[in-house]
Every structure is written in C-alpha cells, then in structure tokens.
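Residue numbers (my numbering): 539 to 780. A virtual CB, placed ideally from N, CA and C, is assigned to each residue, including glycine. Everything numeric in this text was worked out from a predicted model, so none of it was measured. See structure below.
In structure tokens form, the structure reads like this:
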C-alpha cells in the first residue's frame, strides 16, 4: 500500500513563520527530502527522520525519490521554501506521481511566501491587485517574461519580482525596470527585502528610478508600487479605497 506525501511550504525561513500544520507534517514523517539549504532551515524539527538532500537543479530527482519512498509505504515530507504551490514542488509531485503510476495520498501544506513576508516588512504595499513575476529564464523564455512585465505595467498592478538578479543574469532587472518605467513614474515607490524573516534580513525603501542593481541578488524580493502607491513614514502603502 502506497504511503503519504506531504509537499510542505516551510515559509520564508524563520521558524516563527512555519505553520503548525507544516511542523506536524515534518515531525510525523519517516523521511524528509529537500534542497540542502531548506533542510538547514528546519534542522530543529529533525529528530529520528531519515533526511535526503541535494543541490540546486535536481528538483525532479528529489520528486522521483519522494514518490519511490511513498511507493514503499513511507510517509515523506518534501520541503520547499515559501509556499510549495508557488514556484515550488507541488506541481511536479502531482505530475510525476501520475506518470509513475503511484497512487499515494498527497497533501500540499501551504506556507508564507517571500512576497507576503516582504510586504509585512515594508508596510502595506499589496492592498490592491498585484502580480508576482520571476525574472529567472531557466524554465521560462525571457521573451515571455518581457511580455508579462509589459502586461503588468499596462494593467497598473503592484509588481513583485522574484529571482531578480544572479551572477549570470545581470541585465534582466535593468530591462524589467526600463519596461515598468514606460508605465510608471520614476518616483514610484519600490521596496526591497533581503533574507526576509531570516537572521540577515535587510530592507530598503527606494523608487523605481533608483533601484540599486548591484546590491540586488537572489536573496532579494522587490515590490514595485502601482500608480497610487505612496510612502509614509518610511512605509509603502497602496490604498484600496475603503
């Protein structure tokens, strides 16, 4: 009989933002599987469970291992940062379980996403409609990302950028900024949060014209306001019209 798969969102990093359901799933599992950095974030919850971790770009290998373990009747937690259903592992688990013919029970355990953690630090920037766009073109063609940036700008959405800049992708953030400046004023508020809720958390409130590109990395989440967003006492606020 097939076992149980928990696809667990562990939140932005701090244990304070791990949900009780996520904690329970991890503690009650026979095996915990995840990217090694995420495993380190939940180290305090690891007791007698077997732990299987590996590096970046090995997501499908992790999912296959989880499904194989569930096929053996084990209870397995596959951990993702933030929410497992937002740029996480929930989709591949469902897809590969079906392809591999394993009829395990699957539960997606939601978690606090990076954009929500960042917004809580910045004030109230997400009070109206918003979009989240990843600037990583590893799995999505850059041309499609550009199209989405234009659509978000034209639609006057608050825009959050994930994976804004890496050592290999140094120009994507600049191009995203140039696109959004076609639709927004240069003084549009922008909030940047590095390592949200974690020990090395940093925060900056700036404007769309003054994004410090060289300081932005993969640990940063950006939130760019809409046409009505403003800054008050160092906090970013997007009114909703109550």
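Quiz item: Considering residue 727, what are the terminal residues of the beta strand (DSSP E) in which it resides?
Solution: 727 to 732
Quiz prompt | Cβ neighbours of residue 756 in the same chain (closer than 8 Å, five flanking residues each side left out) | solution = 701, 702, 703 and 704
Quiz prompt | DSSP three-state assignment for residue 570, whether helix, strand or coil | solution = strand
Quiz item: Would you report the Cα separation of residue 713 and residue 726, rounded to the nearest angstrom?
Solution: 17 Å
Quiz item: Under 7 Å between the Cβ atoms of residue 560 and residue 569?
Solution: no
Quiz prompt | Stretch pair the segment 630 to 646 + the segment 659 to 674: three plus CB contacts closer than 8 Å | solution = no
Practice problem: Classify residue 665 as buried or exposed, calling it buried when 16 or more other Cβ atoms lie within 10 Å of its own Cβ. | Solution: buried
Practice problem: Give the C-beta separation of residue 647 and residue 555 to the nearest angstrom, bearing in mind that I take them to be a contact with Cβ-Cβ under 8 Å. | Solution: So it is not a contact: roughly 13 Å between Cβ atoms.
Quiz item: Name the DSSP bridge partner or partners of residue 592?
Solution: 573
Quiz item: In this structure, does DSSP put residue 616 in helix, strand or coil?
Solution: strand
Self-check item: Cα-Cα separation between residue 675 and residue 744, rounded to whole angstroms
Solution: 26 Å
Quiz prompt | Delimiting residues of the alpha helix (DSSP H) encompassing residue 765 | solution = Counting along the chain, residue 765 falls outside any alpha helix (DSSP H), and DSSP gives it neither H nor E.
Quiz item: Going by alpha carbons, who is nearest to residue 592 out of 605, 583, 585 and 578?
Solution: 578
Quiz item: Cβ atoms of residue 718 and residue 691: under 7 Å apart, would you say?
Solution: yes
Self-check item: Nearest-angstrom Cβ-Cβ length linking residue 684 and residue 762, presumed shorter than 8 Å
Solution: Rounded, the Cβ-Cβ distance is 16 Å, inconsistent with contact.
Quiz item: Should residue 541 go down as buried or exposed, given a rule of 16 or more other Cβ atoms within 10 Å for buried?
Solution: buried
Exercise. Take residue 564 as the anchor and find which of 754, 682, 616 and 590 has the nearest alpha-carbon.
Key: 616
Quiz item: Is residue 728 near residue 759, with beta carbons less than 7 Å apart?
Solution: no
Practice problem: Using 10 angstroms around the beta-carbon of residue 627, count the other beta-carbons present and answer buried if the total reaches 16, otherwise exposed. | Solution: buried
Quiz item: Residues bridged to residue 741 by DSSP?
Solution: 731
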